[in-house]
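Protein chains in written order, with full-length UniProt numbering: chain Z, 1 to 268; chain C, 1 to 393.
Even for Gly, the Cβ is constructed at its ideal location relative to N, Cα and C.
This report refers to the structure that appears directly beneath it.
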Amino acid sequence: MRMDILKRNNVKVFGNGTRVIMFAHGFGCDQNMWRFISPAFVDDYKIVQFDYVGCGKSDTSAYNEGKYGSLYGYAQDVLDICDVLNLQNVIFIGHSVSSMIGVLASLQAPKVFKNLILVSPSSKYINDTDYVGGFSKEDLEGLLDVMDNNYTGWAKFLAPMVMKNAERPELTEELENSFCAADPAINRNFARVTFFSDNRDDIVRVKLPTLILQCAEDDIAPDTVGEFIHKKISGSTIVRMKATGHCPHMSHPEETIAAIKKFLAEAG
Amino acid sequence: MNETSENEWMRIYNNSPGFNFTLSDSEELLLSNNNFKDSLGFNNSQQVKINDILDSGSMIYFRVHLKPLIELQEKANEIFLSFKTKEGKSLPVVLDAVRVCENDIVKIHFVGVGIPNRNEYESEIIQSRDKALKELLENTESVKLKKALNASDELIERQLQQIVEFKEQHKQMAKVLSHDLQEPLRKIGLFGSLMQNLDAEVKLNLSKILKSSERLRNLLISIQRLHAIDSENFKISNVDLNFLIENVRKKFLISNNQMITLEGEFFNFPADAIYLESLLIELVDNSLKFQRPDVPLKISVTTDYFMQNIFSETEDKFEYGKFVRIVYADNGIGFDKKYADKVFNLFEKLHLNDGLGIGLTYAKRIMTLHKGSISIASKRNIGTEITLLLPNF
Numbered sequence: 001m002r003m004d005i006l007k008r009n010n011v012k013v014f015g016n017g018t019r020v021i022m023f024a025h026g027f028g029c030d031q032n033m034w035r036f037i038s039p040a041f042v043d044d045y046k047i048v049q050f051d052y053v054g055c056g057k058s059d060t061s062a063y064n065e066g067k068y069g070s071l072y073g074y075a076q077d078v079l080d081i082c083d084v085l086n087l088q089n090v091i092f093i094g095h096s097v098s099s100m101i102g103v104l105a106s107l108q109a110p111k112v113f114k115n116l117i118l119v120s121p122s123s124k125y126i127n128d129t130d131y132v133g134g135f136s137k138e139d140l141e142g143l144l145d146v147m148d149n150n151y152t153g154w155a156k157f158l159a160p161m162v163m164k165n166a167e168r169p170e171l172t173e174e175l176e177n178s179f180c181a182a183d184p185a186i187n188r189n190f191a192r193v194t195f196f197s198d199n200r201d202d203i204v205r206v207k208l209p210t211l212i213l214q215c216a217e218d219d220i221a222p223d224t225v226g227e228f229i230h231k232k233i234s235g236s237t238i239v240r241m242k243a244t245g246h247c248p249h250m251s252h253p254e255e256t257i258a259a260i261k262k263f264l265a266e267a268g
Numbered sequence: 001m002n003e004t005s006e007n008e009w010m011r012i013y014n015n016s017p018g019f020n021f022t023l024s025d026s027e028e029l030l031l032s033n034n035n036f037k038d039s040l041g042f043n044n045s046q047q048v049k050i051n052d053i054l055d056s057g058s059m060i061y062f063r064v065h066l067k068p069l070i071e072l073q074e075k076a077n078e079i080f081l082s083f084k085t086k087e088g089k090s091l092p093v094v095l096d097a098v099r100v101c102e103n104d105i106v107k108i109h110f111v112g113v114g115i116p117n118r119n120e121y122e123s124e125i126i127q128s129r130d131k132a133l134k135e136l137l138e139n140t141e142s143v144k145l146k147k148a149l150n151a152s153d154e155l156i157e158r159q160l161q162q163i164v165e166f167k168e169q170h171k172q173m174a175k176v177l178s179h180d181l182q183e184p185l186r187k188i189g190l191f192g193s194l195m196q197n198l199d200a201e202v203k204l205n206l207s208k209i210l211k212s213s214e215r216l217r218n219l220l221i222s223i224q225r226l227h228a229i230d231s232e233n234f235k236i237s238n239v240d241l242n243f244l245i246e247n248v249r250k251k252f253l254i255s256n257n258q259m260i261t262l263e264g265e266f267f268n269f270p271a272d273a274i275y276l277e278s279l280l281i282e283l284v285d286n287s288l289k290f291q292r293p294d295v296p297l298k299i300s301v302t303t304d305y306f307m308q309n310i311f312s313e314t315e316d317k318f319e320y321g322k323f324v325r326i327v328y329a330d331n332g333i334g335f336d337k338k339y340a341d342k343v344f345n346l347f348e349k350l351h352l353n354d355g356l357g358i359g360l361t362y363a364k365r366i367m368t369l370h371k372g373s374i375s376i377a378s379k380r381n382i383g384t385e386i387t388l389l390l391p392n393f
């Protein structure tokens, strides 16, 4: 069981501290995206990184459409990892969709976590009455189309999923842009689950000390969404960063590290 | 090769077929060739950013996938993006990108070709593939379901037979517990107490026999109670936890409202009110019995809810449902972690003197009837925490 979970999510544990930081990557990438951030914490923390099933070097054979047809399935995997590694008081740092996965995991097992740090979070991507998520449904259908067109590792893409045994493993390696998306079909489902989810009722129930990192000019998770989440999570802290875009941990690592360290120092 | 002047290079760049453009790190368009400008309908005097010229789906893709990819790998190949033309149409393009850093300034160079025709064919292929895949999956799924259904039918038949048998046994056992076993005990007690005029030693032994028979009677009564928990008198209704706790306070004559506190997200949910109340009575009874002598007893009950897979026993089946969580915590003497699994066993007693060791077995039986669960965590001299999960779907 233990080995299964660690292999399933390609879990890496390192660092010299005892306090635990868990880094969870966002949609469209894998744990590599934390490589500019985690070195700043190795001396003082035990660091846990992993890939969601279907991303990076995870075990794609563990993919189950029923399970991962909802963010709850991804949250369960986060809890499984905490459980097999016997982690407690975890500082959970999640980017993008992982922010909400962390929220769900913390609602399911509040005692496992100490803090939530939400990097570029969104509680819902699609606009709604009295809510500006930033996108229309059509915009996001457009994203799925672009993804379809991008996995032109055609042979693999066209092979029906049910014929997995006949798959030629070498094709995976040919997919040059697959560092993030080990499996295009899975990644497409992940996109759907991510961008069509609505976690507005979940964030109001978060009770952990929470930090929100809001980038400037983030057209995936705009200011209004960050403000909304800040207002809904009582006692949360929001840092409006100079960093622009959606991935401050990659584009502006120093500012990101400083904001996280400041919050952790104040949270105690 | 002849010397080529800078102007000449510029002209070649500008007139080259396909699309050439360069982005700054902050995604402004620094440079582009004529074909690109003409196709998308802008000119040199305009400040253009990448999000002005990509269609929205491609913009999201650029943001969440392509940009991180280029930052990590410093290049990307055969990337598909769709641009907005001046006529408001989509222009599908396949691109290669390379990220360079010159004098500390980051630039991303792109080169691409438009593929409007190829894209149309590809879209058709993708659609056909999706359709074929959907049908294939549906077919596979229905074959799988049919197999599973057959297996379930057989299982249900076997279980039905067992249930009939269990029911009969259950009925007989109820009679044995309420009558057959009680009657001899009653007689032992009766005749034993008649034998008063005996010598001292026999009298002492007799009193021990009577004490044992009394204990046996109490065990029997509690087994009978445990046995009586069954689905036939189980009724789900919307309960009010505030009300149940108030009843429990009354039952134990607890006048101090601070001794048992109730907090949480909601207090009304479906359960069997009578069983849930008697479960709470068992828990409070334990807390009262196992107080720390020098510490006033405090019991806190908190509630919340969360979503998780409702299939805990069936492998590879997933459906997410809402669970109500009731956490009952006291500040009593607690017990050692290693006993945590044993405490739900019948007549398992961790403390020698008090109780029969049936309370938690009873609680567990009630939770099972609710299709819920109970778990326990305890620390010696700190207290015990019992978590109840009730399905709410």
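Taking all protein chains shown into account, decide if Pro293(C) is buried (16 or more other Cβ within 10 angstroms of its Cβ) or exposed. exposed
Report yes or no: do three or more beta-carbon pairs, one from the segment 134-152 of chain Z and one from the segment 53-72 of chain C, lie closer than 8 Å? yes
Proximal residues of chain C, C-beta to C-beta of Gly66(Z) below 8 Å: Asp316, Lys317, Phe318 and Glu319
Counting only beta-carbon atoms, is Gln214(Z) nearer than 8 Å to chain C? no
Less than 8 Å between the beta carbons of Lys379(C) and Gly332(C), yes or no? no
Just curious, the alpha helix (DSSP H) that Pro391(C) is in, first and last residue? Per DSSP, Pro391(C) belongs to no alpha helix (DSSP H); it is in the beta strand (DSSP E), Gly383 to Pro391.
3-residue-minimum beta strand (DSSP E) runs that sit fully inside the segment 181-235 of chain C, ordered along the chain: none
In angstroms with no decimal places, state the Cα-to-Cα distance between Asn86(Z) and Asn33(C). 57 Å
Looking only at its own chain, which residues have a Cβ that is under 6 Å from the Cβ of Lys164(Z), when we skip the five neighbours before and after it? Residue confidence is low: Lys164(Z) scores 36 on pLDDT, short of 50, so the model does not pin down where it sits. Its coordinate-derived value is still stated next. Counting only Cβ-Cβ distances below 6 Å, and skipping sequence neighbours, we find nothing.
Length of the line joining the Cα atoms of Phe42(C) and Lys89(C): 15 Å
Is it buried or exposed, Glu167(Z), if we count other Cβ atoms within 10 angstroms and call 16 or more buried? Model confidence at Glu167(Z) stands at a pLDDT of 41, short of 50, so the residue's coordinates are unreliable; what they give is reported in the following sentence. It is exposed - the Cβ of Glu167(Z) has fewer than 16 other Cβ atoms within 10 Å.
For chain Z, check one thing: does any of its Cβ atoms lie closer than 8 Å to the Cβ of Asp272(C)? no
Would you check if the segment 51-63 of chain Z and the segment 116-127 of chain Z touch, i.e. whether three or more CB-CB distances between them fall below 8 Å? no
What's the C-alpha gap between Pro169(Z) and Phe190(Z)? Bear in mind that a pLDDT of 43 at Pro169(Z), under 50, signals an unreliable position, so the number given afterwards is only what the model happens to contain. Taking the straight line from one Cα to the other gives about 22 Å.
Starting from the C-beta of Phe14(Z), find all residues in its chain whose C-beta is less than 7 Å away, skip the five residues before and the five after it, and write them out in chain order. Val42 and Ile47
Have a look at Gly28(Z) and Thr303(C) and give me their C-alpha separation to the nearest angstrom. 36 Å
According to DSSP, what are the bridge partners of Ser24(C)? Lys107(C)
Use the C-beta contact count for Leu95(C): other C-beta atoms within 10 angstroms, 16 or more gives buried, fewer gives exposed. buried
Closer than 8 Å, Cβ to any Cβ of chain Z: which residues of the segment 261-292 of chain C, in chain order? Glu265
Residues near Val162(Z) by beta carbon distance below 7 Å, same chain, minus five either side: Model confidence at Val162(Z) stands at a pLDDT of 33, short of 50, so the residue's coordinates are unreliable; what they give is reported in the following sentence. There are no such residues.
Only counting the same chain, and skipping five residues up and downstream in sequence, which positions put a Cβ closer than 8 Å to that of Leu264(Z)? Ile91 and Asn115
Looking at the C-beta of Ile33(Z), does it have a partner C-beta in chain C at a distance below 8 Å? Per the sequence presented here, residue 33(Z) reads as Met, with Ile not at that position. At least one chain C Cβ lies under 8 Å of Met33(Z).
Ignore the nearest five residues each way along the sequence and tell me which others in Val84(Z)'s own chain have a CB closer than 6 Å to its CB. Arg2 and Ile5
Just the C-alpha distance for His109(C) and Lys49(C), rounded to the nearest angstrom, thanks. 14 Å
List, in order along the chain, the chain C residues whose C-beta lies closer than 7 Å to that of Leu107(Z)? Phe306
Could you pull the DSSP bridge partners for Met100(Z) from this structure? None; Met100(Z) has no bridge partner.
For His95(Z), the first and last residue of its enclosing beta strand (DSSP E): Val90 to His95
Could you name the residues that DSSP lists as bridge partners for Gln214(Z)? Arg240(Z)
Who are the Cβ neighbours of Pro223(Z) in its own chain at under 7 Å, not counting the five residues just before and after it? Position check: residue 223(Z) holds Asp in this sequence, whereas Pro was assumed. For Asp223(Z), where only same-chain residues beyond five positions count, the Cβ hits under 7 Å are Gln214.
So which residues of chain Z does Arg63(C) contact, with C-beta pairs closer than 9 Å? Gly28, Asp218, Asp219, Ile220, Gly245, His246 and Cys247
I want to verify the contact list: residues of chain Z whose CB lies under 7 Å from the CB of Glu122(C), in sequence order. Asn149
Cβ-based contacts, 8 Å cut-off: residues of the segment 73-88 of chain Z near chain C: Gly73 and Gln76
Run through DSSP, which three-state label would Ser197(Z) get? coil
Chain C partners of Asp145(Z), CB-CB under 7 Å? Gly57
Below-8 Å beta-carbon distance, Pro116(C) vs any chain Z residue: no
Endpoints, the beta strand (DSSP E) within which Cys101(C) is located: Ser90 to Glu102
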